[in-house]
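Trainee: Just passing along the structure, written as structure tokens.
2 protein chains.
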Amino acid sequence: MARRGDTIELAVLGLLHEGPMHGYELRKRLNLMLGWGRVLSYGSLYPALKKMLRANLITEVVATTTPTTRRPRIVYEVTEAGNAEFNRLMSEVGPTAWEDGNFDIRFAFFSSTDMEIRLRVLEGRRSRLQERLARVQAELERTQAEVNRYAAELQRHGVESVEREVRWLSDLIQAERGGDVAPEATPSAATPSAASPTARTPGTTGAPAAND
Amino acid sequence: MARRGDTIELAVLGLLHEGPMHGYELRKRLNLMLGWGRVLSYGSLYPALKKMLRANLITEVVATTTPTTRRPRIVYEVTEAGNAEFNRLMSEVGPTAWEDGNFDIRFAFFSSTDMEIRLRVLEGRRSRLQERLARVQAELERTQAEVNRYAAELQRHGVESVEREVRWLSDLIQAERGGDVAPEATPSAATPSAASPTARTPGTTGAPAAND
DNA sequence: GTTAGCATGTAAGGAGTTACATGATTTT
DNA sequence: AAAATCATGTAACTCCTTACATGCTAAC
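In order, the protein sequence lines correspond to chains P and L.
Per the working numbering, the first sequence starts with residue 53, numbered consecutively.
Per the working numbering, the second sequence starts with residue 53, numbered consecutively.
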């Protein structure tokens with residue numbers, strides 16, 4: 053069960069999956085990867101690493117590998133159990149995989165999963181956003197008149213952004229289906245590409261989209 | 053000093069500014085306004101209201117105003133001190149006004165401020181985003197090769213979203229400067245721009261930047 | 001020689017969530 | 001008559017940030 057807060061754990065496992073690393077570097081990579089405003093603090097990274105150590109998901113090795121006598125850095129490496137856990141977390145489909153804080157990190161490590169999972173997560177995410185869109189638009193029809201200019205503009209802009217992301221997801225889904233593994237290379241993905249903004253994803257997905 | 057966590061307070065003051073309301077309704081309006089994924093819980097709203105009561109920013113009135121004998125709802129109203137506090141918070145320019153979690157709510161209540169403040173906040177927000185963009189792009193030049201396809205696509209999409217938001221802000225700034233108070237009416241603003249200040253929702257959005 | 005960046009941690013506390021508890025009213 | 005939604009709260013807990021504490025190393 054991957055509940056809230058396992059975000060850091062998954063991210064760490066994913067990064068270490070690509071090779072051993074020490075805390076400081078881990079943090080930098082993490083901030084670049086899913087930061088966009090959020091900055092992970094040491095006060096949250098180091099305790100998380102300690103916890104993972106205790107759970108045997110990673111091991112620490114003091115590395116004195118440097119030129120003169122650099123301060124010994126503690127290099128972390130995934131254990132087999134850690135890799136198993138990583139795979140387990142990545143294979144999970146369901147709200148935990150496509151909810152706001154969780155989707156990004158899964159997506160970033162998509163290379164380590166197979167297409168089936170990728171599709172389910174992408175479709176789940178898309179359904180989630182479409183639901184939201186529907187709910188907000190329904191709400192707007194009832195409230196519309198009373199909102200002020202700026203609040204309305206904010207709403208409009210928000211809706212547009214979500215619609216945009218839906219299109220992005222649709223393009224990615226198509227690319228996956230088309231066997232085109234590279235998502236960015238296709239110019240089609242960047243430009244128009246179809247997406248049904250409103251239409252709920254057909255039964256295809258196993259995503260009933262449980263809510264709040 | 054409006055530090056973190058005054059978000060709810062400002063939002064509540066802003067909503068009550070438009071008229072008295074009870075908790076349940078407050079929560080719904082709030083979620084619609086800046087929800088986009090986040091759902092404010094009662095466990096955070098009611099204690100916040102209690103705190104504001106103690107601080108004399110609002111008063112509560114038990115309203116038995118309903119048809120038969122509906123459960124008495126507690127209607128909140130801003131006090132003079134509350135209005136003063138609202139104005140103080142809205143007049144603050146600086147990071148607190150344009151940082152991620154704070155910008156949206158200020159923007160929604162922009163009608164209650166004057167153009168000078170609005171411009172400063174919009175410009176501050178834009179600078180912030182541009183800084184991030186610059187930092188990320190600089191970072192990407194150094195790291196580029198090693199990232200995998202999906203992580204790279206996430207980055208690309210994130211950068212694009214932020215660039216979109218910058219354009220949106222620029223349009224709004226121009227509209228303010230042009231004396232055109234209505235931001236949405238202008239077809240120029242509606243068509244090309246649009247990013248999402250609010251809709252951080254999409255996993256992609258963020259910007260890693262802001263490391264210490 | 002001093003600033004900036006590398007590197008690792010801990011303690012206290014804030015902001016908000018989940019889960020619990022309760023009950024009235026409206027809609028189906 | 002059941003289900004949904006209105007309506008108000010509290011207690012425990014979680015995740016994360018801030019601020020503190022320490023010291024090395026590279027560059028200017």
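Even glycine gets a Cβ: it sits at the ideal position worked out from N, Cα and C.
Because the structure is a prediction, the values reported are computed rather than measured.
Taking a contact to mean a Cβ-Cβ separation below 9 Å, would you say I300(L) touches A115(L) in this structure?
Mentor: Since the displayed chain L opens at 53 and closes at 264, residue 300(L) lies outside it and no answer follows.
Trainee: Could you name the residues of the same chain whose beta carbon sits closer than 8 Å to that of G11(P), not counting the 5 residues immediately before and after it, in chain order?
Mentor: Outside the displayed span of chain P (53 to 264) sits residue 11(P), for which this structure offers no information.
Trainee: Is the shortest distance between the beta-carbon of V145(P) and the beta-carbons of chain L less than 9 Å?
Mentor: Taking the first residue of the first sequence as position 1, residue 145(P) is located at position 93. Chain L contact via Cβ: absent.
Trainee: Which value, in whole angstroms, describes the spacing of the CA atoms of A107(P) and M167(P)?
Mentor: For this step, residue 107(P) is matched to residue 55 along the first sequence. For this step, residue 167(P) is matched to residue 115 along the first sequence. When rounded, the distance between both Cα atoms is 30 Å.
Trainee: Between I225(L) and L181(L), how many whole angstroms is the CB-CB distance? I'm expecting something under 8 Å.
Mentor: In the second sequence, residue 225(L) corresponds to position 173, counting from 1. In the second sequence, residue 181(L) corresponds to position 129, counting from 1. Incorrect: roughly 13 Å between the Cβ atoms, too far for contact.
Trainee: Would you mind sorting S93(P) into buried or exposed? The rule is 16 or more other CB atoms within 10 Å of its CB.
Mentor: Looking up residue 93(P) in the first sequence gives position 41. Exposed, because fewer than 16 other Cβ atoms sit within 10 Å of the Cβ of S93(P).
Trainee: Please confirm whether L29(L) has its beta-carbon closer than 9 Å to some beta-carbon of chain P.
Mentor: For residue 29(L) there is no data in the structure shown, the boundaries of chain L being 53 and 264.
Trainee: Within 10 angstroms of its Cβ, does V113(L) collect 16 or more other Cβ (buried), or is it exposed?
Mentor: For the purposes of this step, residue 113(L) is taken as residue 61 along the second sequence, with counting starting at 1. That one is exposed.
Trainee: Buried or exposed: which applies to Y76(L), given that a residue is buried once 16 or more other Cβ atoms fall within 10 Å of its Cβ?
Mentor: Sequence index remark: in the second sequence, residue 76(L) carries index 24 (1-based). Answer is exposed; the Cβ neighbour count stays below 16.
Trainee: Between the region 74-95 of chain L and chain P, which residues of the former have CB atoms less than 7 Å from a CB of the latter, in chain order?
Mentor: L84, M85, W88, G89, V91
Trainee: When you compare the CB of R229(L) with every CB in chain P, is at least one pair closer than 9 Å?
Mentor: Locating residue 229(L) in the second sequence gives position 177, counting from the first residue. With 9 Å as the cut-off, R229(L) does not count as an interface residue toward chain P.
Trainee: Straight-line CA distance for F162(L) to E205(P)?
Mentor: Within the second sequence, the letter at position 110 stands for residue 162(L). Within the first sequence, the letter at position 153 stands for residue 205(P). In a straight line, the C-alpha of F162(L) is about 11 Å away from that of E205(P).
Trainee: Relative to the C-alpha of E61(P), which residue among S96(P), W220(P), F159(P) is closest?
Mentor: Here the question's residue 61(P) lines up with position 9 in the first sequence. Out of S96(P), W220(P), F159(P), S96(P) has the C-alpha closest to the C-alpha of E61(P).
Trainee: Please report the distance separating the alpha-carbon of L82(L) from that of K102(L).
Mentor: Along the second sequence, one-based indexing puts residue 82(L) at 30. Along the second sequence, one-based indexing puts residue 102(L) at 50. CA-CA distance, L82(L) to K102(L), rounds to 17 Å.
Trainee: Excluding sequence positions up to five away, which residues of its chain have a Cβ less than 6 Å from the Cβ of T165(L)?
Mentor: Counted from its first residue, the second sequence places residue 165(L) at position 113. Taken in chain order, the residues that qualify are M142.
Trainee: For the beta strand (DSSP E) that contains E205(L), what are its first and last residues?
Mentor: As a first step, residue 205(L) is located in the second sequence; it is residue number 153 there, counting from the start. Not the beta strand (DSSP E): E205(L) falls in the alpha helix (DSSP H), residues 201-229.
Trainee: Does the beta-carbon of G146(L) have 16 or more other beta-carbons within 10 angstroms, so that it is buried, or is it exposed?
Mentor: Here the question's residue 146(L) lines up with position 94 in the second sequence. Residue burial is scored here from C-beta neighbours: G146(L) has fewer than 16 other C-beta atoms within 10 angstroms and is therefore classed as exposed.
Trainee: Just verifying my parser: in three-state terms, what is the DSSP assignment at T131(P)?
Mentor: The residue labelled residue 131(P) in the question sits at position 79 within the first sequence. Correct three-state label for T131(P): coil.
Trainee: CA-CA distance, E183(L) and N139(P)?
Mentor: Position 131 of the second sequence holds residue 183(L). Position 87 of the first sequence holds residue 139(P). Approximately 36 Å, taken between the alpha carbons.
Trainee: Quick check on R90(L): does DSSP put it in helix, strand or coil?
Mentor: As a first step, residue 90(L) is located in the second sequence; it is residue number 38 there, counting from the start. DSSP places R90(L) in coil when its eight states are reduced to three.
Trainee: Hey, could you find the ends of the beta strand (DSSP E) A107(L) is sitting in?
Mentor: As a position in the second sequence, residue 107(L) is number 55, starting the count at 1. It is not in any beta strand (DSSP E) - A107(L) carries neither H nor E in the DSSP assignment.
Trainee: Closer than 8 Å, Cβ to Cβ, to anything on chain P: give me those residues from the region 158-178 of chain L, in chain order.
Mentor: If you check each beta-carbon in the region 158-178 of chain L against every beta-carbon of chain P, the ones closer than 8 Å belong to F159, A160, F161, F162, S163.
Trainee: Tell me, please, whether the CB atom of E205(P) is closer than 9 Å to any CB atom in chain L?
Mentor: Sequence index remark: in the first sequence, residue 205(P) carries index 153 (1-based). E205(P) counts as touching chain L.
Trainee: Kindly indicate if chain L contains any beta-carbon less than 9 Å away from that of S222(P).
Mentor: Sequence index remark: in the first sequence, residue 222(P) carries index 170 (1-based). No, its Cβ sits nowhere closer than 9 Å to a Cβ of chain L.
Trainee: Using DSSP bridges, identify the partner residues of H74(L).
Mentor: On the second sequence, position 22 is the one that residue 74(L) refers to. BP columns for H74(L) point to V127(L).
Trainee: What span of residues does the alpha helix (DSSP H) with D166(P) cover, start to end?
Mentor: As a first step, residue 166(P) must be located in the first sequence, where it is residue number 114. First-last for D166(P): undefined, no H or E at that position.
Trainee: With DSSP collapsed to three states, give me the class of V173(L).
Mentor: Numbered from 1 along the second sequence, position 121 holds the residue referred to as residue 173(L). Helix.
Trainee: According to DSSP, E112(L) sits in a beta bridge with which residue or residues?
Mentor: Here residue 112(L) refers to the residue found at position 60 of the second sequence. E112(L) is bridged to Y128(L).
Trainee: Just the chain L side, please: which residues come within less than 9 Å of H69(P) by C-beta, in chain order?
Mentor: Translated into positions along the first sequence, residue 69(P) becomes position 17. H69(P) does not reach chain L, its nearest Cβ partner there being about 11 Å away, counting only Cβ pairs nearer than 9 Å.
Trainee: When the Cα atoms are used, what is the spatial distance from A242(L) to S222(L)?
Mentor: Here residue 242(L) refers to the residue found at position 190 when the second sequence is read from its first residue. Here residue 222(L) refers to the residue found at position 170 when the second sequence is read from its first residue. Because A242(L) sits at a pLDDT of 39, beneath the cut-off of 50, its placement in the model cannot be relied upon, and the point is left open.
Trainee: Going along chain L in order, which residues have a C-beta closer than 7 Å to the C-beta of N300(P)?
Mentor: With chain P running from 53 to 264 in the structure shown, residue 300(P) is simply not present.
Trainee: Ordered along the chain, which non-local residues of its own chain (more than five positions away) have a Cβ less than 8 Å from that of P72(P)?
Mentor: Here residue 72(P) refers to the residue found at position 20 when the first sequence is read from its first residue. If we look at P72(P) and ignore the five residues flanking it on each side, its Cβ neighbours are V113, V127, Y128, E129.
Trainee: Please confirm whether G66(L) and I157(L) have their CB atoms less than 9 Å apart.
Mentor: Within the second sequence, the letter at position 14 stands for residue 66(L). Within the second sequence, the letter at position 105 stands for residue 157(L). A contact, by the Cβ cut-off of 9 Å.
Trainee: Nearest chain L C-beta to D58(P) closer than 9 Å, yes or no?
Mentor: As a position in the first sequence, residue 58(P) is number 6, starting the count at 1. It does not: the Cβ of D58(P) has no partner Cβ on chain L nearer than 9 Å.
Trainee: Got a sec: is the Cβ-Cβ distance from E191(P) to anything in chain L below 9 Å?
Mentor: Your numbering for residue 191(P) matches position 139 in the first sequence. Interface residue, yes.
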